[in-house]
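Report on the following structure.
As structure tokens, then:
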């Protein structure tokens, strides 16, 4: 993580002190080896009462700023339970779940499980959260500035601009949404079979949620990408009771945005990821 730039390096350097501070504040002790995701450190701990828990410290970016608020709002219903929070340091004390995620079940079953979880976590909007529509307006403007020579089919770029403009203008359907709900962000629990973790919450259209379920577990559909993406998309839409056209529009918008951001990495652009983004958008777009 430290190799991503000076801000990341400074945060990594601060982690030992932050861990010590939060362990003292919450009176917990280590209970296993630490691990990390893309933007957080997690450490198994035991509380003073002996309960198993997880101490999580996130990188201080916009995506992690309101995680604690949404976990509080969910109250453990369909999601990991929040035991304590220190928002200033992006520190969370969470119930400990099992390491088993939805990568252990078929993708069709996983899609149905996630669709059922949508119904539980898509609650009324929170005033503190950022607006997806505001972000979409900004990203749509960035898309419009892409040179015509950019290696994204121009038809998809223009489609994403039109769809993004239209979808972002409709605020009637907004709820609290996770934005990063995929197979790895649903873990097995004891009090419920499956529980959501790691929200990057905003107020937005629930139909925006589907795309990560399409682009993850890519090797599972490598034999026929189009058929696999279309099948997953159909399963998600049917199980969630979503409007198919609205869901399709958001997948196209989101995948073209992802492709644009991949290009913004310049020489570090992940060509495999760029190809995947375009493939998902094409498959869903027909």
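Residue numbers (the numbering used here): 1 to 286.
Built from N, CA and C at the ideal position, the CB exists for glycine as well.
All of these numbers come straight from a predicted model, not from anything done at the bench.
Can the beta-carbon of residue 160 be found closer than 9 Å to that of residue 221?
Taking the chain shown and counting its residues from 1, one reaches residue 160 at position 160. Taking the chain shown and counting its residues from 1, one reaches residue 221 at position 221. No; because the gap between Cβ atoms is not below 9 Å, this pair is not in contact.
Beta-carbon separation (whole angstroms), residue 143 vs residue 256, contact threshold 8 Å
In the chain shown, the residue the question calls residue 143 occupies position 143. In the chain shown, the residue the question calls residue 256 occupies position 256. That belief holds up - the Cβ atoms of residue 143 and residue 256 are roughly 7 Å apart, short of 8 Å.
Rounded to the nearest angstrom, what separates residue 66 and residue 15 at their Cα positions?
The residue you call residue 66 lines up with position 66 of the chain shown. The residue you call residue 15 lines up with position 15 of the chain shown. Computed Cα separation, rounded: 20 Å.
Could you tell me which residues DSSP puts in a beta bridge with residue 177?
The residue given as residue 177 occupies position 177 in the chain shown. 202, per the DSSP bridge assignment.
Could you check if residue 171 is buried or exposed, using at least 16 other CB atoms within 10 Å of its CB as the buried criterion?
If you number the chain shown from 1, residue 171 lands on position 171. Counting Cβ neighbours within 10 Å, residue 171 comes out exposed, since fewer than 16 surround it.
Can the beta-carbon of residue 93 be found closer than 9 Å to that of residue 82?
For the purposes of this step, residue 93 is taken as the residue at position 93 of the chain shown. For the purposes of this step, residue 82 is taken as the residue at position 82 of the chain shown. For residue 93 and residue 82, yes; Cβs fall inside 9 Å.
Helix, strand or coil for residue 193 per DSSP?
Within the chain shown, the letter at position 193 stands for residue 193. In the structure shown, residue 193 sits in coil (DSSP, three-state: anything other than H, G, I, E or B).
For the region 10-86, list the beta strand (DSSP E) runs that are entirely contained and at least 3 residues long, ordered along the chain.
40-46, 52-58, 82-86
For residue 122 and residue 236, what's the separation of their Cα atoms in angstroms?
Here residue 122 refers to the residue found at position 122 when the chain shown is read from its first residue. Here residue 236 refers to the residue found at position 236 when the chain shown is read from its first residue. Here the alpha carbons of residue 236 and residue 122 stand approximately 15 Å from one another.
Does the region 175-187 come close enough to the region 273-283 that 3 or more CB-CB pairs lie under 8 Å?
no
Short of 7 Å in beta carbon distance, which residues of its chain neighbour residue 118, apart from the five on each side in sequence? Order them along the chain.
Start at 1 with the first residue of the chain shown, and residue 118 comes out as number 118. Counting only Cβ-Cβ distances below 7 Å, and skipping sequence neighbours, we find 206, 209, 240.
Quick check: the Cα distance between residue 166 and residue 190, rounded to an integer number of angstroms?
Your numbering for residue 166 matches position 166 in the chain shown. Your numbering for residue 190 matches position 190 in the chain shown. Taking the straight line from one Cα to the other gives about 42 Å.
The alpha helix (DSSP H) that contains residue 249, what's its start and end?
The count along the chain shown starts at 1 and reaches residue 249 at position 249. Unbroken alpha helix (DSSP H) run through residue 249: 244-264.
Determine which residues share a DSSP beta bridge with residue 241 and list them.
On the chain shown, residue 241 is found 241 positions in, with the first residue counted as 1. In the DSSP assignment, no residue is bridged to residue 241.
Can you give the Cα-Cα distance for residue 72 and residue 134, rounded to whole angstroms?
By one-based count along the chain shown, residue 72 stands at place 72. By one-based count along the chain shown, residue 134 stands at place 134. Taking the straight line from one Cα to the other gives about 24 Å.
Quick one: what does DSSP say residue 188 is sitting in, helix, strand or coil?
Here residue 188 refers to the residue found at position 188 when the chain shown is read from its first residue. In the structure shown, residue 188 sits in a strand (DSSP, three-state: E or B).
Status (buried if at least 16 other CB within 10 Å, exposed otherwise) for residue 99
Position 99 of the chain shown, counting from 1, holds the residue named residue 99. Exposed is the call here.
Determine, using beta-carbon pairs with one atom in the region 44-62 and one in the region 144-163, whether at least three such pairs fall under 8 Å.
no
Specify the secondary structure class of residue 106 as computed by DSSP and reduced to three states.
Within the chain shown, the letter at position 106 stands for residue 106. Coil.
Identify the continuous alpha helix (DSSP H) that holds residue 214 and give its terminal residues.
By 1-based counting over the chain shown, the position of residue 214 is 214. Per DSSP, residue 214 belongs to the alpha helix (DSSP H) from 211-215.
Looking at the unbroken beta strand (DSSP E) that takes in residue 92, where does it start and where does it end?
Against the chain shown, residue 92 aligns to sequence position 92. Segment 91-95, the beta strand (DSSP E) holding residue 92.
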